[in-house]
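In the numbering used here, the protein residues as written are 1 to 385.
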């Protein structure tokens with residue numbers, strides 16, 4: 001196959017934008033956009049209004065029984081492709097415009113950990129093909145390849161850095177060959193690794209969305225500041241920069257505000273669905289203050305006993321409205337996400353996904369509703385129920 005069209009001009013990629021629905025809201029454009037900035041596909045789409053990106057595949061597929069918590073390797077792409085395709089469709093139905101190939105943790109190092117390195121390329125290609133298929137079936141959808149934190153990057157070890165670069169290079173190449181519209185590089189807590197991911201994507205001529213996941217020290221582990229790193233990524237050619245994962249709405253929001261003020265490119269905001277706090281800013285060390293009588297055997301709620309710490313759907317909707325009002329158009333939900341959360345984000349910024357037809361209608365509830373057919377003596381039970 002000839003991939004020359006994927007180089008810097010990317011003219012043939014832009015043709016996918018012709019499928020953009022006319023209903024996209026164009027009110028919220030990012031501030032200070034430079035007229036000279038390259039208008040790649042993802043930038044064009046975001047300039048016209050918000051795009052929704054569903055993440056959170058690891059947690060949701062673990063809940064559904066298709067991968068193992070702890071190791072979190074996406075073997076589901078090979079073992080149960082029907083289950084992965086179904087989740088893509090559920091997220092799509094809920095309002096996700098971006099079908100992100102589920103290759104998070106599908107890199108060579110993780111496959112070595114589980115002793116299945118020989119399945120690395122088949123797993124990646126299977127996930128990419130599924131995502132491309134689902135995206136192509138809905139007008140206006142985009143398909144994103146995915147690379148992510150390797151968990152072996154060492155800023156003091158050039159050998160480890162080169163191994164990570166090699167992993168990025170092969171995964172981006174497979175994504176190019178399977179027709180990705182752009183690449184999401186996500187969940188980086190080392191600035192150097194984020195920059196290496198961006199370099200791998202730019203080398204193949206695709207647009208890059210790069211999102212950081214700072215840990216509780218509120219800086220990148222290798223030293224740079226969060227906002228400083230986003231500025232550097234923009235300067236190096238990222239189409240979108242921002243944050244995903246680790247932080248819930250309350251502890252992600254202040255950083256998104258600072259990033260939006262500091263960069264001219266589009267900004268991404270994809271929190272986890274858990275109530276992180278200033279004292280516990282990431283979900284890794286959240287405490288279950290309710291004092292559950294059957295705590296997780298590994299001694300902390302993360303990752304399998306976070307259920308009591310969920311945000312409700314309205315909290316995710318409020319976060320989406322807040323950041324969108326600041327000019328953030330790349331919106332989504334990360335770990336903990338269900339289709340319900342994605343729908344809430346989409347509707348909060350004025351979108352009407354297919355799932356909107358099943359949004360709540362509490363006026364028809366048998367006890368708390370207001371419909372004139374609801375008997376008074378049943379409604380009176382509401383305070384006693």
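The C-beta atom is built at its ideal place from N, Cα and C for all residues, glycine as well.
Helix, strand or coil at residue i according to DSSP, with G and I counted as helix
i           : result
residue 392 : Outside the modelled stretch of the chain, which goes from 1 to 385, sits residue 392, for which no answer is possible.
residue 374 : coil
residue 226 : helix
residue 31  : Low per-residue confidence applies at residue 31: pLDDT is 41, beneath 50, and the placement is therefore not dependable, though the value from the model is reported in the following sentence. Residue 31 falls in the coil class under three-state DSSP.
residue 107 : coil
residue 100 : strand
residue 242 : strand
residue 302 : coil
residue 52  : strand
residue 274 : strand
residue 386 : This structure gives no information on residue 386, because the portion of the chain shown stretches from 1 to 385.
residue 182 : strand
residue 365 : coil
residue 188 : strand
residue 291 : coil
residue 175 : helix
residue 23  : Because the pLDDT of residue 23 is 34, which lies under 50, any placement of that residue in the model is unreliable, and the number read from its coordinates should be weighed accordingly. Three-state DSSP puts residue 23 in coil, outside helix and strand.
residue 67  : coil
residue 328 : coil
residue 211 : strand
residue 203 : helix
residue 333 : strand
residue 72  : coil
residue 86  : helix
residue 38  : Unreliable positioning characterises residue 38 in this predicted model, as indicated by a pLDDT of 38, which lies under 50. The coordinate reading is nonetheless provided below. Note: residue 38 maps to coil in three-state DSSP.
residue 152 : coil
residue 349 : coil
residue 267 : strand
Close Cβ partners of residue i (< 6 Å) along its chain, the five nearest in sequence each way excluded
i           : result
residue 236 : 198
residue 267 : 242, 259, 260, 328
residue 111 : 117, 120
residue 164 : 150, 153
residue 246 : 213, 282
residue 216 : 281, 282
residue 251 : 276, 281
residue 290 : 308
Nonlocal neighbours in the same chain, by C-beta distance under 8 Å from residue i, ignoring five residues either side
i           : result
residue 126 : 77, 78, 81
residue 224 : 191, 232
residue 326 : 256, 257, 260
residue 89  : 134
residue 160 : 152, 153, 154
residue 322 : 253
Supposed contact pair residue j and residue i - C-beta distance, whole angstroms, cut 8 Å
i           : j           : result
residue 371 : residue 363 : 6 Å
residue 104 : residue 146 : 6 Å
residue 283 : residue 248 : 7 Å
residue 311 : residue 273 : 5 Å
residue 367 : residue 346 : Residue 367 to residue 346, Cβ: 29 Å. No contact.
residue 337 : residue 56  : 3 Å
residue 158 : residue 222 : The pair is not a contact, with the Cβ atoms about 14 Å apart (cut-off 8 Å).
residue 209 : residue 42  : 7 Å
residue 87  : residue 61  : 6 Å
Beta-carbon gap between residue i and residue j smaller than 7 Å
i           : j           : result
residue 228 : residue 265 : no
residue 120 : residue 108 : yes
residue 148 : residue 211 : no
residue 386 : residue 172 : Residue 386 lies beyond the range of the chain shown here (1 to 385); nothing can be said about it.
residue 275 : residue 306 : no
residue 349 : residue 324 : yes
residue 355 : residue 54  : no
residue 84  : residue 72  : no
residue 183 : residue 175 : yes
residue 339 : residue 91  : yes
residue 344 : residue 316 : yes
residue 123 : residue 106 : yes
residue 142 : residue 181 : yes
residue 144 : residue 98  : yes
residue 244 : residue 334 : yes
residue 381 : residue 50  : no
residue 263 : residue 292 : no
Residues near residue i in its chain [Cβ-Cβ closer than 7 Å; skip 5 each side]
i           : result
residue 280 : 286, 287
residue 319 : 249, 253, 271
residue 304 : 69, 296
is_contact[residue i, chain D] using C-beta, thresh 7 Å
i           : result
residue 384 : Protein chains in the displayed structure number just one, and chain D is not present.
Is it a yes or a no for the region 60-77 touching the region 134-150, going by three-plus beta-carbon pairs under 8 Å?
-> A contact is defined here as three or more CB-CB pairs under 8 Å, and the region 60-77 fails this definition with respect to the region 134-150.
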